[in-house]
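Everything in the sequence shown is counted per my numbering, starting at 80 for the first residue and increasing by one.
For glycine and all other residues, C-beta sits at the position ideal for the given N, C-alpha and C.
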Amino acid sequence: MTSSPPRPGRDSRVARLPPRERILDAAEELFLSEGVRAVGVQAIAERADTTKAALYRHFATKDALIEEWLRIVAAGYRSAFDRVEAEHPDDGRAQVLGVARFVAEGLPDIARRGCPFVNSFAGLPGPDHPARRLIETHKADQRRRLTAMCERAGAHAPDDASAEITFLLEGAQISAQNASVDRAGDRLMAAVGAVLDRATAARAGTAP
């Protein structure tokens, strides 16, 4: 199976990276284009312009490399949550909308390359695989933080509101990946706002 073409400027950009980062960059390129199951260590080493022996000095197994890559992806989402909470302290509505905007702004990249979590999950063997557990823990933490934001926003049933918003965030990424919905980012923002309006109106006793 051939890999997808490298991103513009990748060769010059990656050449300046330390070996470990080159390996992670190569793994990301190949995992997203071909799937974690299909990609072999030799292909990753070649894309990183290194050797299998050098790769194994940094990552004991392919599974360890997958897990580390997904840990970095999850950290990016966690940083986005941290940022909107810092920018809008005690304003739960603004925090939720900030998270939705972060996802909406990332949809064009999802459309081109796919969601790392969705692309990886089906290719991970067994429920006890460390990377699968990492994804599950990440998603649970994200849901917990969304629920707290909905509660700060004044939602009558914050857990229900965060469940709806999670459906929207996840669904928008899948829709962007398979190109089934146009203007996915705009529609996502409008739908999340509507969930918050309904949830907070119910608490105020003004829901229909």
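C-beta neighbour in chain B for residue i, strict 8 Å
{"i": "Glu108", "result": "In the displayed structure, chain B is absent; only one protein chain is listed."}
Boundaries (first-last residue) of the alpha helix (DSSP H) holding residue i
{"i": "Leu186", "result": "Gly171 to Arg192"}
{"i": "Thr207", "result": "Note that residue 207 corresponds to Asp in the displayed sequence, not to Thr. No alpha helix (DSSP H) contains Asp207, which DSSP labels as neither H nor E."}
{"i": "Ser158", "result": "Lys141 to Glu166"}
{"i": "Leu111", "result": "Pro98 to Glu113"}
{"i": "Val118", "result": "Looking at the DSSP string, Val118 is not in any alpha helix (DSSP H), and its letter there is neither H nor E."}
{"i": "Phe304", "result": "With the chain running from 80 to 287 in the structure shown, residue 304 is simply not present."}
{"i": "Val197", "result": "Pro195 to Phe200"}
{"i": "Asp238", "result": "Pro237 to Asn257"}
Expected contact under 8 Å - CB spacing of residue i and residue j to nearest Å
{"i": "Arg172", "j": "Leu267", "result": "So it is not a contact: roughly 16 Å between Cβ atoms."}
{"i": "Leu203", "j": "Val115", "result": "7 Å"}
{"i": "Pro209", "j": "Glu146", "result": "5 Å"}
{"i": "Asp169", "j": "Arg231", "result": "6 Å"}
{"i": "Leu176", "j": "Gly250", "result": "That pair is no contact at about 17 Å."}
{"i": "Ala278", "j": "Leu247", "result": "Rounded, the Cβ-Cβ distance is 13 Å, inconsistent with contact."}
{"i": "Pro98", "j": "Ala133", "result": "6 Å"}
{"i": "Leu111", "j": "Arg192", "result": "5 Å"}
Beta-carbon spacing of residue i, residue j below 8 Å
{"i": "Leu103", "j": "Trp148", "result": "yes"}
{"i": "Ile151", "j": "Gln256", "result": "no"}
{"i": "Lys141", "j": "Val120", "result": "yes"}
{"i": "Thr130", "j": "Ala139", "result": "no"}
{"i": "Leu144", "j": "Ala106", "result": "yes"}
{"i": "Ser254", "j": "Ala263", "result": "yes"}
{"i": "Ala127", "j": "Arg101", "result": "yes"}
Is the number of C-beta pairs between the region 217 to 230 and the region 153 to 164 that are closer than 8 Å three or more? yes
Decide yes or no for the touch test of the region 235 to 243 against the region 178 to 188: beta carbon pairs closer than 8 Å, at least 3 of them. no
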